[in-house]
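Going from the sequence shown to our numbering is simple: count from 1 and add 313. Presented below is the structure to which this report refers.
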Amino acid sequence: MDRIRVVLVGVEGAINLGIVARLSVNFNVDEFYIVNPKASLSEALEYAARAKNVLKEAIVVDRLENALEGVSLSICTSAISREESVLRIAVPPWEAARIGSMTRGTVALVFGRESVGLTRSELEQCDLLSTIPANPTYPTLNLSTAVSIYLYEFYRRRNARQDQYIDTSAVKLYEAYVSALARALILDEKRRRDVIIAARRIALKGYTSRKEIENLTYLLSRACRRIEGCKVEVAIDNKSGP
Ligand code: SAH
Numbered sequence: 314m315d316r317i318r319v320v321l322v323g324v325e326g327a328i329n330l331g332i333v334a335r336l337s338v339n340f341n342v343d344e345f346y347i348v349n350p351k352a353s354l355s356e357a358l359e360y361a362a363r364a365k366n367v368l369k370e371a372i373v374v375d376r377l378e379n380a381l382e383g384v385s386l387s388i389c390t391s392a393i394s395r396e397e398s399v400l401r402i403a404v405p406p407w408e409a410a411r412i413g414s415m416t417r418g419t420v421a422l423v424f425g426r427e428s429v430g431l432t433r434s435e436l437e438q439c440d441l442l443s444t445i446p447a448n449p450t451y452p453t454l455n456l457s458t459a460v461s462i463y464l465y466e467f468y469r470r471r472n473a474r475q476d477q478y479i480d481t482s483a484v485k486l487y488e489a490y491v492s493a494l495a496r497a498l499i500l501d502e503k504r505r506r507d508v509i510i511a512a513r514r515i516a517l518k519g520y521t522s523r524k525e526i527e528n529l530t531y532l533l534s535r536a537c538r539r540i541e542g543c544k545v546e547v548a549i550d551n552k553s554g555p
């Protein structure tokens, strides 16, 4: 992970916004994005202590997709996770930090509104979902408290740094074959989306060796060749092909 980007979506409280700006300095965050804030940025300055510049230089955008431009890995956060729904299967913060540290480029951590969190379509825009394990009868933390736990984990991991990097070109090719097969074989749109999300997350969460993912991609490419209508939609770079 070369850079960490904090993205606050629809932040409502000026105190939270100020504290998150301060945390971003405490834990060496490189980029601070705010999507469609409801809180007053000038009021938040009062709570930012020595991090006023972070707020003044924050990049404010209208939509989450704009805040995710140029990001190699995006991690949405939520108090709610469930094993039954693919979109809601979550990794804990220390696991998110491990995966982040294996990714080259910019890693984005995305936090939701104090009232309703992140919407389903926002969650779908992230590569991974992460949840801080907490009391099941009341797992929702205050926004800035949740941010502090993530930034601490990422800071620790970043300074330990012996992790191997994920080869994103190998993962992209694997994803392209999964998508092509899913488009050719699965008619139900929700099911298809779930399969694609699950395949991407499996690759990002589990894989450490380029050779392993290339072998899986090889199998998928052989299957794709035999199936009518299976069309891969990426420019295939020969160097990263199976
Ligand atoms: N009622 C909202 C609560 C949002 S709390 C909801 O149901 O989603 C505001 C934000 O803090 C969340 O969107 C998330 O980014 C973060 N957050 C709060 N508790 C968390 C937890 N246990 N794990 C991960 N993130 C959490």
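The beta-carbon is built from N, C-alpha and C at its ideal position, and this holds for glycine as well.
Boundaries of the beta strand (DSSP E) harbouring glutamate 344: 344-348, taken from the DSSP string.
Approximately 29 Å separates the beta-carbon atoms of glutamate 488 and alanine 459; this is outside 8 Å, ruling out the contact. A buried status is given to threonine 390, since no fewer than 16 other beta-carbon atoms sit within 10 Å of its beta-carbon. About 5 Å separates the CB atoms of leucine 377 and glutamate 435; that is less than 8 Å, so the two are in contact. Under the DSSP assignment, isoleucine 526 falls in the alpha helix (DSSP H) whose first and last residues are 523-539. The straight-line gap separating the alpha-carbon atoms of lysine 485 and glutamate 356 is approximately 43 Å.
Between the ligand SAH and the CB of alanine 447, the shortest heavy atom gap is smaller than 8 Å. Distance from the CA atom of alanine 447 to the CA atom of threonine 453, rounded to whole angstroms, is 8 Å.
Here arginine 335 is near valine 367, since their CB atoms are less than 9 Å apart. A distance below 6 Å between beta-carbons, with the five flanking residues on each side excluded, links lysine 518 to no residue of its chain. Counting every other CB atom within 10 Å of its CB across the protein chains shown gives valine 420 a total of 16 or more, marking it as buried.
For leucine 486, the uninterrupted alpha helix (DSSP H) segment begins and ends at 481-498. When C-alpha distances from leucine 442 are compared across Ser522, Gly326, Leu529 and Ile393, the shortest belongs to Ile393.
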